[in-house]
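For reference, the structure is listed below as C-alpha cells.
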Amino acid sequence: MSNLRLKIALQKKGRLSDDSIELLRRCGLKLLSSKSSLFYSAENYPIDLLLVRDDDIPTLIQDGICDLGIVGDNVLKEKTQVNLEFSSCFQTIMPLNFGRCRLSIAVPKDQEYQTIDFLQNKRIATSYPILLQQFLKQENITAQIVSISGSVEIAPGLNMADAIFDLVSTGRTLAENNLKELYVVLESQAVFFKSTSEFNSEKKKIYDVLLKRIQSVIKAQESKYILFHAPRDAISKIREILPGCESPTILPLEGSEDKVAVHVVSRESVFWNTLEKLQTVGASAILVLPVEKMMA
Ligand code: ATP
Ligand code: ZN
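Numbered per full-length UniProt numbering, the sequence shown spans residues 1 to 296.
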C-alpha cells in the first residue's frame, strides 16, 4: 500500500458495509476490488479501502495502518471509554446518516417494573460492558455485568441474565426473544472518524476533497427539489410551510396572470403533510425530486 494514498477502513460484512461503500461511490470513487476483496483501490483517486471486522477499525486507525474509518458511534464510544489514551487518539469527523440504532436496556416482556432502579442487583448481559458500567454508575445502580460477545438477546431465556443492554433498531429481535425495550441509553449511527494526528500535506489534500464530497452527498440526501404551481399571492404563506428553503425561484406561467411556477430546494425531509398544506394554500402540480449532488 502506497503511503501517498489515503486509507479508509470499512466493515467487510455486516450492517454498515453496503452503505459505507455506497457513500464512497457517490463521492465519485471508482472502486476496483482485488482478488482477496479485503482491499479495494479507487481507480480515479488516491484512496484505498481496507475491509475488516468493525471491532478492528479503531485499532487500525490508532496504529496508523489506516487514516480514516467508518464505524457505529457505539463502537467508537465503547473503545474510547476503555481508557483516556484511546479517547485522545480519535476525532469524529461527522455522522453519516445511516446505521441508526440505539443501545437500550431490555427486559423479559412479562417483567413488571416501575423505574430503572429495577436493575438494582440484577444480572445484565451485554457486548458493551464499558458503556453499561458507565450508565450504571451514573444511575447509582449496582448490578452484575455479564459480558458476552454475540446473541445477547438469548441470555434472559437461558437464565444467564435478568436484563440485557444491546443494540436495537426495529425492535424485532427483542420481540422474537420475548423482550421489551425499557430504557434508551445511547442513540447511535455510523460515523466517519480519523486519528487525531495530522496528515502529511499530500494526504491532507486528498482528505480535504473527500470530506467536501461526503458533506455534499449527505446534504443532497437530506435535500429535495420541489416544483409546483401556486397563486402569486400565496408565496409568503408557502415560505412558512416549506422547511429549510432557500429563496424560491418564481417563474411566470404562460397565459396566467395570477398563477406562478415555484422552484425551491428544501434542505429538510419533505413529508406528505407538508405537501397537503401546500395544496390548502392553492398549490397544484407538485413535484418532489431527489437531489443527487449539492455543493455550497
Ligand atoms: P463484525 O463481523 O464486523 O464484527 P458485527 O456483528 O459487530 O459485525 P453488525 O451487526 O453488522 O456488526 O453491526 C454493525 C453496526 O451496525 C453496529 O455496531 C451498529 O452501529 C449498527 N446497527 C444498526 N442497527 C443495528 C441493529 N439492529 N443491531 C446491531 N447493530 C446495528
Ligand atoms: Zn463487530
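For each residue, glycine too, the CB sits at the ideal point set by N, CA and C. For clarity, every value in this text was computed on a predicted model and none was experimentally measured.
Three-state secondary structure (DSSP) of residue i
i           : result
T115        : coil
F228        : strand
V217        : helix
L211        : helix
residue 315 : The structure shown does not extend to residue 315, since the chain is modelled only from 1 through 296, so no value can be given for it.
A155        : coil
E176        : helix
I141        : coil
K7          : strand
E222        : helix
E292        : coil
Sub-7 Å separation of residue i and residue j beta-carbons
i    : j    : result
I130 : Q81  : yes
L174 : A230 : no
S188 : N273 : no
L60  : A143 : no
A261 : L251 : yes
S223 : M295 : no
C27  : I214 : yes
T196 : Q91  : yes
Q11  : D48  : no
E153 : V168 : no
D67  : L6   : yes
A190 : I21  : no
S266 : I241 : no
A155 : K122 : no
F98  : D166 : no
A125 : I141 : no
E78  : Y128 : yes
L29  : A42  : yes
L4   : E202 : yes
M94  : F192 : yes
K237 : V281 : yes
V209 : F135 : no
Y183 : I116 : yes
P290 : E268 : no
A283 : F228 : yes
K109 : N159 : no
C101 : Q62  : no
R239 : D258 : no
Boundaries of the beta strand (DSSP E) in which residue i is found, first to last residue
i           : result
A261        : 256-266
Q144        : 144-147
Q189        : Element bounds for Q189: n/a, residue is neither H nor E.
L103        : 101-108
residue 323 : Since the first and last residues shown for the chain are 1 and 296, residue 323 lies out of range.
T249        : 249-253
V168        : 163-168
F90         : 90-95
residue 300 : No answer is possible for residue 300: it lies beyond the span of the chain, which begins at 1 and ends at 296.
Unbroken alpha helix (DSSP H) run spanning residue i, endpoints
i           : result
K237        : 235-241
residue 324 : With the chain covering only 1 through 296, there is no way to say anything about residue 324.
F135        : 129-138
Q279        : 272-280
beta-carbon residue i near ligand 4 non-hydrogen atom, thresh 6 Å
i   : result
C66 : Ligand 4 is absent from the structure shown, which contains only ligand 1 and ligand 2.
Residues passing the C-beta test against ligand 2 heavy atoms, cut-off 5 Å
D54, D55
**Asked** For the segment 15-86, which segments carrying the alpha helix (DSSP H) assignment without a break, of at least 4 residues, lie completely within its bounds, in sequence order?
**Response** 17-26, 57-62, 73-82
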